[in-house]
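Data block below; observations after.
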């Protein structure tokens with residue numbers, strides 16, 4: 004099955020395919036398939052690749068022209084995500100700003116903020132990190148404790164953020180802070196844009212289980228930012244943050260699904276090579292792995308079809324994340340089992356191959372972007388209308 | 020690029036759902052489950068006359084209205100939701116499809132209009148004592164005489180075989196597997212209803228003793244057409260399974276909202292809430308499987324259809340069985356009683372799982388089609 008949206012976007016698709024074929028070469032081609040939301044590997048090459056994309060005007064396809072985008076529609080954005088993943092291009096180093104902050108600013112930012120921040124994102128001149136999670140606020144973002152106080156025409160921010168993806172590279176952070184010290188839960192929160200290049204900001208890398216420094220903890224002590232760098236309204240940061248997370252849930256699955264399909268194909272190839280297809284127990288799991296990636300694809304196509312038809316996507320748009328993350332972990336375990344003892348040997352300096360990296364990093368997929376348990380609560384409460392959990 | 024429903028299709032769903040809510044409610048399902056015939060001819064004729072459901076996807080030249088499989092899938096999904104009792108699956112998903120796919124224009128012109136109009140109840144008699152759905156399972160024999168073909172042997176687990184007016188019987192001749200049409204009143208034909216675990220879907224044993232039959236298409240050439248028929252029927256069954264599964268979730272959620280324990284609705288406890296969320300995830304995944312297969316059918320790509328049909332039958336069978344069982348758990352003790360409808364869905368899930376071959380069988384079909 005091939006995505007085809009008709010002649011309207013076919014030229015766009017062909018232009019993109021052609022561009023990718025000509026530019027995804029050399030060192031960039033060597034880093035095909037590298038990266039992911041939790042993978043900081045090959046950072047410099049990927050950053051250079053992002054700049055290559057920027058030079059080709061391929062970043063921000065759906066963003067308005069006045070901010071450096073192409074001013075195209077949802078269809079083109081989807082086609083871009085699909086073709087990009089189809090070409091197996093490296094995971095973008097700028098994904099935080101492109102997929103989360105940018106759309107958030109477009110939806111809720113002031114005109115001055117859009118003019119100031121969007122063009123440097125598309126030119127890969129400013130890198131962004133997300134400052135939502137805290138040591139005490141992972142899935143429960145409403146328990147954010149990082150404080151921000153007004154001091155003249157500035158905000159003074161103190162607290163600690165954690166799990167900031169690509170945080171060590173960030174020039175700017177978008178930070179959820181508590182601006183009303185007496186507030187509870189999701190009231191009294193404010194979303195601030197904060198430069199990292201100042202004495203009050205200390206960023207320390209955190210090594211993940213694959214041995215990479217892909218996220219960071221951020222210590223803020225009287226860090227400062229300008230008063231007008233509030234996104235949305237003061238005290239309404241919860242609304243702004245939730246809108247961002249909604250964007251995140253909607254955009255990450257399509258490229259992922261193509262990666263998973265590739266992994267399933269590799270898995271079948273490995274099984275054939277190892278004679279595992281003759282083992283009925285393994286055979287069953289292998290066919291089920293194939294089924295699960297095909298279901299992911301069809302689920303995504305349903306959502307895209309509904310979006311492009313101007314309909315509100317159904318329940319599958321919400322259940323897709325839970326399905327994809329849990330099934331991908333099964334696929335990873337099976338691939339490691341099929342690889343056998345050879346799969347246990349790593350390269351120099353703990354260098355992992357694609358299978359090992361994907362298996363280890365898949366363990367994060369049921370945590371980031373809302374854990375599976377949170378997903379089940381969302382599905383239960385928002386889609387099925389079940390009553391909220393007992394809360395003290 | 021489609022994979023979404025049109026407004027007309029939404030409307031079709033609404034009409035069918037409201038019709039079935041009236042004519043296939045729990046009381047009616049229980050009445051027909053207890054009834055040996057398991058079929059209400061009056062409702063059957065209204066389905067045909069008022070809604071045109073039997074002929075929905077039959078081409079107009081054969082008396083139908085020429086809609087696509089996506090439309091037909093909507094009807095099957097709703098039929099599954101309502102646990103519709105009667106020969107709709109046997110007539111529409113099996114017999115009409117077999118007629119459409121066998122290479123016999125004359126037979127199509129003779130026989131299909133009756134099915135499309137609801138005049139004829141029909142079925143496909145394929146399985147024998149070992150319940151196999153593959154070519155090798157067909158051993159009932161046909162032999163030619165001076166005045167036509169005669170069948171001898173036994174078919175069993177024939178869906179609605181006890182009441183069908185027309186039976187399409189797969190038989191073996193020296194040339195291979197062939198398909199025959201047998202009239203319910205043909206001499207030497209005996210039909211015995213089988214007591215079934217799932218009382219909402221009746222089956223029969225059919226014995227042919229030198230029974231006259233009409234050859235459909237060329238002798239020995241029926242298997243490819245039958246395989247395609249079974250693939251299509253698998254997809255329609257998958258849609259039916261999705262509907263049944265969705266109904267069990269609706270019941271589980273409704274109960275979890277009102278049933279209180281420890282002073283709170285049980286749906287507020289994560290043990291129950293997360294089970295319901297997993298049920299929805301399974302159902303939406305099953306929907307993707309079934310809808311993807313329906314779209315493949317309408318798209319006319321045979322390879323894709325064969326893949327998606329096997330995938331859909333594997334996945335939707337297991338998903339329906341799982342959520343039907345989960346529904347009983349959410350209901351606790353009450354869900355375990357005869358009076359509660361939960362077991363009706365559990366049993367329908369069970370019978371559907373093997374109706375066209377088990378999930379293991381369809382997994383193997385899929386593996387073969389993938390070349391693994």
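Protein chains in written order, with this note's numbering: chain A, 4 to 395; chain B, 20 to 391.
Where a beta carbon is used, it is the ideal one built from N, C-alpha and C, also for glycine.
- For chain A, is any of its Cβ atoms less than 8 Å away from the one on residue 33/B? No - not a single Cβ of chain A is within 8 Å of the one on residue 33/B.
- Name the two residues that bound the continuous beta strand (DSSP E) containing residue 199/B. Per DSSP, the unbroken beta strand (DSSP E) holding residue 199/B starts and ends at 195 to 202.
- Query: Hey, residue 334/B and residue 267/B: beta-carbon distance below 8 Å or not?
  - Reply: The Cβ atoms of residue 334/B and residue 267/B do not sit closer than 8 Å to each other.
- Query: Does residue 347/B get closer than 8 Å to chain A when you measure Cβ to Cβ?
  - Reply: Not an interface residue.
- Query: Applying the criterion that 16 or more other CB atoms from any shown protein chain within 10 Å of the CB defines a buried residue, is residue 383/A buried or exposed?
  - Reply: It is buried - the Cβ of residue 383/A has at least 16 other Cβ atoms within 10 Å.
- Task: Alpha carbon to alpha carbon, how far is residue 335/A from residue 361/A? Give it in angstroms, no decimals.
- Result: Their Cα atoms are separated by approximately 7 Å.
- Distance between beta carbons of residue 223/A and residue 162/A, contact taken as under 8 Å: Yes, residue 162/A and residue 223/A are in contact; Cβ-Cβ is about 5 Å, under 8 Å.
- Message: Just to confirm before moving on: does the CB-CB distance between residue 208/B and residue 235/B stay below 8 Å?
- Response: One thing to note: residue 208/B has its Cβ no nearer than 8 Å to the Cβ of residue 235/B.
- Option in 95/A, 98/A, 106/A, 31/A with minimal Cα separation from residue 244/A: It is 106/A.
- Of all the alpha helix (DSSP H) runs that stay within the bounds of the stretch 323 to 377 of chain A, which reach a length of 4 or more residues? Listed in chain order, they are 357 to 365.
- Task: Use the C-beta contact count for residue 168/B: other C-beta atoms within 10 angstroms, 16 or more gives buried, fewer gives exposed.
- Result: Its Cβ being crowded by 16 or more others within 10 Å, residue 168/B is buried.
- Message: So, with DSSP's three-state summary, where would you put residue 20/B?
- Response: At residue 20/B the pLDDT is 46, less than 50, meaning the model places this residue with poor confidence; the figure from the coordinates comes in the next sentence. When secondary structure is reduced to three states using DSSP, residue 20/B falls in the coil class, being assigned neither helix nor strand.
- Message: Let me see if you follow: with CB-CB separation under 8 Å, is residue 359/B close to chain A or not?
- Response: Among the residues facing chain A, residue 359/B is not included, as its CB has no counterpart in that chain under 8 Å away.
- Taking residue 271/A as the query, report the chain B residues whose CB atoms sit under 7 Å from its CB, ordered along the chain. Per Cβ cutoff of 7 Å: 391.
- Task: Could you name the residues of chain B that residue 326/A contacts, counting a contact when the two beta carbons are closer than 8 Å?
- Result: By Cβ distance, chain B contributes 300, 303, 304.
- Compute the Euclidean distance between the alpha carbons of residue 194/B and residue 240/B, then round it to the nearest angstrom. Rounded to the nearest whole angstrom, the C-alpha separation of residue 194/B and residue 240/B is 8 Å.
- Query: What does residue 311/B reach in chain A if we use C-beta pairs closer than 7 Å?
  - Reply: Below the 7 Å Cβ cutoff, chain A contributes 301 as neighbours of residue 311/B, in chain order.
- Task: Tell me where the beta strand (DSSP E) around residue 198/A begins and ends.
- Result: In the DSSP assignment, residue 198/A falls within the beta strand (DSSP E) that extends over 192 to 198.
- Query: Taking the continuous beta strand (DSSP E) assigned at residue 164/A, which residues delimit it?
  - Reply: For residue 164/A, the enclosing beta strand (DSSP E) has its first and last residue at 157 to 168.
- Taking all protein chains shown into account, decide if residue 97/B is buried (16 or more other Cβ within 10 angstroms of its Cβ) or exposed. Residue 97/B is buried by the Cβ-count criterion.
- Query: Just curious, the beta strand (DSSP E) that residue 173/B is in, first and last residue?
  - Reply: First-last of the beta strand (DSSP E) with residue 173/B: 167 to 178.
- Task: Given a cut-off of 8 Å, decide if residue 199/A and residue 180/A are closer than it, judged by their beta-carbon atoms.
- Result: Taking 8 Å as the cut-off, the Cβ atoms of residue 180/A and residue 199/A do not count as close.
- Query: Is the beta carbon of residue 308/B less than 8 Å from the beta carbon of residue 298/A?
  - Reply: It is a contact, given that the beta carbons lie within the stated cut-off.
- Query: Based on the DSSP secondary-structure assignment, which residues constitute the bridge partners of residue 133/A?
  - Reply: DSSP, once it has assigned bridges, lists 177/A as partnering residue 133/A.
- Compute the Euclidean distance between the alpha carbons of residue 91/A and residue 269/A, then round it to the nearest angstrom. So the alpha carbons of these two residues sit roughly 14 Å apart.
- Decide if residue 279/B is buried, meaning its Cβ has at least 16 other Cβ atoms within 10 Å, or exposed. Exposed is the call here.
- CA-CA distance, residue 369/A and residue 147/B? Going by the C-alpha atoms only, they are around 47 Å apart.
- Task: On a CA-only basis, which of 166/A, 213/A, 114/A is nearest residue 355/A? Give me that one, please.
- Result: Minimum Cα distance to residue 355/A is reached at 213/A.
- Message: When you compare the CB positions of residue 123/A and residue 165/A, do they come within less than 8 Å of one another, or not?
- Response: Taking 8 Å as the Cβ cut-off, residue 123/A and residue 165/A do not qualify as a contacting pair.
- Task: Pull out every residue of the stretch 264 to 296 of chain B whose Cβ sits closer than 7 Å to any Cβ of chain A, in chain order.
- Result: Residues of the stretch 264 to 296 of chain B with a Cβ closer than 7 Å to any Cβ of chain A, in chain order: 272, 275, 276, 283, 284, 286, 287, 289, 292, 293, 295, 296.
- Query: Can you give the beta carbon distance from residue 221/A to residue 195/A, rounded, assuming they're within the 8 Å contact cut?
  - Reply: With 8 Å as the limit, residue 221/A and residue 195/A do not qualify as a contact, their Cβ atoms being about 13 Å apart.
- Report the option in 132/A, 227/A, 148/A, 257/A whose CA atom is closest to the CA atom of residue 154/A. It is 227/A whose Cα lies nearest to the Cα of residue 154/A.
- Message: Please confirm whether residue 262/A has its beta-carbon closer than 8 Å to some beta-carbon of chain B.
- Response: Cβ-Cβ to chain B under 8 Å: no for residue 262/A.
- Beta-carbon proximity check, residue 131/A vs residue 173/A, cutoff 8 Å: Yes, these two residues count as a Cβ contact at 8 Å.
- Item | Cβ shell of residue 42/B (< 6 Å), same chain only, five flanking positions each side left out | Counting only Cβ-Cβ distances below 6 Å, and skipping sequence neighbours, we find 62.
- Helix, strand or coil for residue 295/B, going by three-state DSSP, please let me know. Here DSSP, grouped into helix, strand and coil, assigns residue 295/B to helix.
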